[in-house]
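Chemist: Dropping a structure here in structure tokens format, bear with me for questions.
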Amino acid sequence: MSHCLIDNFLNYLKVERGLSINTIHAYKVDLRQLEKSVNSDFLKVDSSSIGRYIATLREKGYLSSTLNRKLSVIRMFYHFLFSEGKINYNPLQTISSPRRKRKIPCYLSLKEVEDLLQAPSTDTLYGLRDRAILEVLYGSGIRISELVGLNRGDINLKTGWLKVFGKGSRERMIPIGREAKLWVRRYLREKGEGRNNSLFCNRYGGRLSRQYCWKIIKKYAKIAGIKKTISPHTLRHSFATHLLSHDADLRSVQELLGHVNIATTQIYTHITQERLKKVYKKYHPRA
């Protein structure tokens with residue numbers, strides 16, 4: 080019964096909400112974890128059961144951000160059950176989300192970015208490809224999942240625009256700079272026509288995976304001597320941070336990153352706050 084309810088919910092997310100396969104899989108894992116923990120029929124779960132479940136996860140050391148994500152999935156699930164008439168009471172109504180600590184994202188300095196971008200040896204096709212990948216990631220701020228999904232027709236090297244399909248298959252257009260255009264053009268010229276339409280290909284002519292791109296970034300970070308712990312989002316964070324530190328407004332950065340809610344972009348407000356402090360100290364007579 081519980082498995083059937085989960086499957087119906089996931090099918091709703093796929094068909095009605097248009098969520099990606101990766102997101103749906105993550106939701107499935109969260110709900111299976113809940114199912115195993117409460118060891119009961121989903122339709123009989125009450126707020127106390129959910130509360131105990133979250134408390135158990137907290138005791139196991141789960142971060143507030145992870146708990147909030149799991150709670151968000153459970154809320155959506157029980158809202159779905161309520162709207163479908165499967166239950167007449169939503170057990171999540173009396174449960175509040177754990178307070179989330181705002182974490183400043185890790186980003187690279189301008190010198191670190193420059194060292195990273197110059198790390199690949201561009202004497203080979205795959206060195207050219209890797210340089211182009213790094214330039215596009217930093218020059219556009221797109222996610223790795225968005226990068227590996229790019230096709231040749233998604234980039235216009237004459238106008239300098241990139242068409243990206245983000246979360247929920249939302250399409251957005253992003254400008255890319257001269258360096259990204261230069262290295263993509265060099266890579267495509269050297270690569271020639273491939274067997275498929277992917278912009279960036281592996282050694283067998285197929286589409287690159289996110290995991291492989293992640294390994295590429297780790298590899299060149301090590302070559303560049305970068306000591307920071309690099310994540311798949313580091314170049315994206317660096318892109319946003321450097322824009323804001325050079326006076327870009329938050330709303331424009333939100334558009335470029337493809338954030339639906341500006342609250343998501345506000346993790347970068349430490350940059351604007353630092354800039355305001357510098358302006359204040361420089362120009363205020365009593366500073």
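Going by the numbering used here, the letters in the sequence shown line up with residues 80 to 366, in that order.
Backbone N, C-alpha and C define an ideal beta-carbon position, used for all residues, glycine too.
Given K297, which residues of its chain have a CB within under 7 Å of its CB, disregarding the five upstream and five downstream residues?
Modeler: I309
Chemist: Between the alpha carbons of Y91 and L207, how many angstroms are there, rounded?
Modeler: When rounded, the distance between both Cα atoms is 42 Å.
Chemist: Straight-line CA distance for S219 to S126?
Modeler: 44 Å
Chemist: Short check: CB of V227 to CB of S288, under 8 Å?
Modeler: yes
Chemist: I need the straight-line Cα distance from K93 to I103, nearest angstrom please.
Modeler: K93 and I103 have their C-alpha atoms spaced approximately 7 Å apart.
Chemist: Looking at C-beta atoms only, is the number of pairs between the stretch 191-202 and the stretch 243-252 that lie closer than 8 Å three or more?
Modeler: no
Chemist: For V215, which of helix, strand or coil comes out of DSSP?
Modeler: helix
Chemist: Would you tell me roughly how many angstroms separate the C-alpha atoms of L171 and H321, rounded to the nearest one?
Modeler: Rounded to the nearest angstrom, the gap between the Cα atoms of L171 and H321 is 40 Å.
Chemist: Return the CA-CA distance between E258 and Y217, expressed in angstroms with no decimal places.
Modeler: 10 Å
Chemist: Using 8 Å as the Cβ pair cut-off and three pairs as the minimum, do the stretch 151-171 and the stretch 274-288 touch?
Modeler: no
Chemist: Leaving out the 5 sequence neighbours to the left and right, which residues in its chain are closer than 8 Å to S248 when beta-carbon positions are compared?
Modeler: The answer, listed in chain order, is G97, S99.
Chemist: Classify N340 as helix, strand or coil using the three-state DSSP reduction.
Modeler: coil
Chemist: Answer yes or no: do L113 and I166 have a C-beta to C-beta separation smaller than 8 Å?
Modeler: no
Chemist: Taking the straight line between their C-alpha atoms, what separation do you get for S324 and L314?
Modeler: 15 Å
Chemist: So K123 is in the beta strand (DSSP E); what residue range does that whole segment cover?
Modeler: Premise fails: K123 is in no beta strand (DSSP E) and is neither H nor E.
Chemist: For the beta strand (DSSP E) holding E250, just list the boundary residues, first then last.
Modeler: 250-254
Chemist: Buried or exposed, going by whether 16 or more other CB atoms sit within 10 Å of the CB of C83?
Modeler: exposed
Chemist: Roughly how far, in whole angstroms, is the beta-carbon of A211 from the beta-carbon of W262, given that I think they are within contact range, below 8 Å?
Modeler: Beta-carbon to beta-carbon, A211 and W262 are separated by about 4 Å, close enough to satisfy the 8 Å threshold.
Chemist: Relative to the C-alpha of D76, which candidate in E269, L187, V152, A300 has its C-alpha closest?
Modeler: The structure shown does not extend to residue 76, since the chain is modelled only from 80 to 366, so the question has no answer here.
Chemist: What's the call for P199, buried or exposed, on a 16-neighbour Cβ count within 10 Å?
Modeler: By the C-beta density criterion, P199 is buried, having at least 16 other C-beta atoms within 10 angstroms.
Chemist: By the 10 Å Cβ neighbour count, where 16 or more other Cβ atoms means buried, how is K260 classified, buried or exposed?
Modeler: Classification of K260: buried, given that the 10 Å Cβ count is 16 or more.
Chemist: Over the uninterrupted alpha helix (DSSP H) stretch that includes F318, give me the two end residues.
Modeler: 313-324
Chemist: By how many angstroms is the C-alpha of T238 removed from the C-alpha of I85?
Modeler: 45 Å
Chemist: Under a three-way DSSP split, which group does I153 fall into?
Modeler: helix
Chemist: Thinking C-beta only, is A300 closer than 8 Å to L204?
Modeler: Not in contact: L204 and A300 (Cβ atoms no closer than 8 Å).
Chemist: So, is R111 buried or exposed, given that buried needs 16 or more other C-beta atoms within 10 angstroms?
Modeler: exposed
Chemist: Between K357 and C185, which are expected to be in contact by the criterion C-beta below 8 Å, what is the C-beta distance as a whole number of angstroms?
Modeler: Between C185 and K357 the Cβ distance is about 22 Å, and since that is not below 8 Å, they are no contact.
Chemist: Note down, one range per segment and in chain order, each alpha helix (DSSP H) of at least 4 residues found wholly within the stretch 253-301.
Modeler: 257-270
Chemist: Measuring only the C-alpha atoms, how far is P311 from G130?
Modeler: 33 Å
Chemist: Residue range of the alpha helix (DSSP H) that L189 falls in?
Modeler: 189-196
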